[in-house]
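Position in the sequence shown (from 1) plus 158 gives the number in the numbering used here.
Before any comments, here is the structure.
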Amino acid sequence: MSVIDSSIRHPLVTGGKTYSDVTADICRPLENKPSRSWWVGFIISFFCLMILFATLFYTVWTGIGVWNINKSVMWGWDITNFVFWIGIGHAGTLISAILLLFRQKWRMSINRSAEAMTIFAVLCAAIFPFFHMGRIWVGCYWVFPLPNAFGSLWVNFNSPLLWDVFAISTYFSVSL
């Protein structure tokens with residue numbers, strides 16, 4: 159017995175639904191008023207976001223001494239999170255590059271998501287060197303070149319802070 163192979167693809171939406179039915183099903187949660195449980199979840203999330211902003215403001219205002227860590231591991235929390243977000247950005251670029259390398263025809267929507275993930279991950283990574291400086295207005299004094307009588311006095315190129323700035327700006331410009 160032979161198998162009949164049809165060139166017509168089977169429909170992806172079954173059950174006798176039209177395009178307007180599918181659109182209505184997708185848009186229904188967005189067009190209706192939010193439920194009480196949604197508002198409770200929103201208020202809890204907003205409260206957690208305000209706690210985050212308060213603690214970040216306190217860290218910036220007081221300095222990184224509020225973390226109560228030794229001087230030998232002062233970069234521990236920041237550099238770990240920085241490397242994590244840079245790694246997430248690398249994953250987005252890798253997904254995009256592999257799909258391009260294998261010339262997949264269906265890659266465009268996944269590429270958009272992966273590249274957006276890369277850009278947002280790099281922006282998240284850019285936060286951590288600033289918070290490592292603690293009081294940003296004191297730290298920014300050491301980041302920019304200092305004018306003096308002998309010409310420009312540049313920052314220390316052995317500093318990880320400078321290389322973080324180079325990594326973020328390069329990776330962001332390449333990903334954009």
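Cβ atoms here follow ideal geometry from the backbone N, Cα and C, with glycine treated the same way.
In this text, all values refer to a predicted model and were calculated from it rather than measured experimentally.
For residue i, three-class secondary structure by DSSP
{"i": "G173", "result": "coil"}
{"i": "W264", "result": "coil"}
{"i": "G221", "result": "coil"}
{"i": "I166", "result": "coil"}
{"i": "F211", "result": "helix"}
{"i": "F200", "result": "helix"}
{"i": "L320", "result": "helix"}
{"i": "L334", "result": "coil"}
{"i": "N226", "result": "coil"}
Distance between beta carbons of residue j and residue i, contact taken as under 8 Å
{"i": "V280", "j": "I326", "result": "6 Å"}
{"i": "F286", "j": "F240", "result": "4 Å"}
{"i": "G250", "j": "A272", "result": "4 Å"}
{"i": "T276", "j": "S333", "result": "5 Å"}
{"i": "L257", "j": "R265", "result": "4 Å"}
{"i": "W243", "j": "A283", "result": "4 Å"}
{"i": "L214", "j": "F324", "result": "That belief does not hold up - the Cβ atoms of L214 and F324 are roughly 24 Å apart, past 8 Å."}
First through last residue of the alpha helix (DSSP H) which encompasses residue i
{"i": "P192", "result": "Here P192 belongs to no alpha helix (DSSP H), and DSSP marks it neither H nor E."}
{"i": "L259", "result": "G234 to L259"}
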